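Numbering-wise (UniProt numbering), the sequence shown opens with residue 1 and increments by one.
Quick reminder that beta carbons are idealized off the backbone N, C-alpha and C, glycines included.
Bear in mind that the values here come from a model prediction, so they are computed numbers and not experimental data.
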Amino acid sequence: SVENYEDFWKEIWHFFDVIASKPYDKVFVKKGSGFLDNEWFSGARLNFAENLLRIRDDRLALICYDELGNY
């Protein structure tokens, strides 16, 4: 993963079976030195809620904590 970002993150995308209305053009586009400074899965369009909530059963899907640590 450290030596080949594109292969690693492409496998992550496929492993988690990401649902996208438009597929990505490129997995990784270097634009800066930090992880968040770069572009990931450019061109892709997806709905985070659709991906996070797609398993429809009685298991907990999301846990949210507020600023006070309550959930």
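query	result
Which whole-angstrom value is the C-beta distance of Lys10 and Val29, which I expect to be below 8 Å?	Rounded, the Cβ-Cβ distance is 13 Å, inconsistent with contact.
Where Ile12 and Ala20 are concerned, what is the direct C-alpha to C-alpha distance, given to the nearest angstrom?	14 Å
What's the C-alpha gap between Cys64 and Tyr71?	5 Å
Hey, which unbroken runs of the alpha helix (DSSP H) at 4 residues or more fall wholly within the UniProt domain "Acetyl-coenzyme A synthetase N-terminal" (1-51)?	5-15
Considering only residues of the same chain and omitting the five flanking positions on each side of Leu53, which have a CB-CB separation below 6 Å?	Ala61
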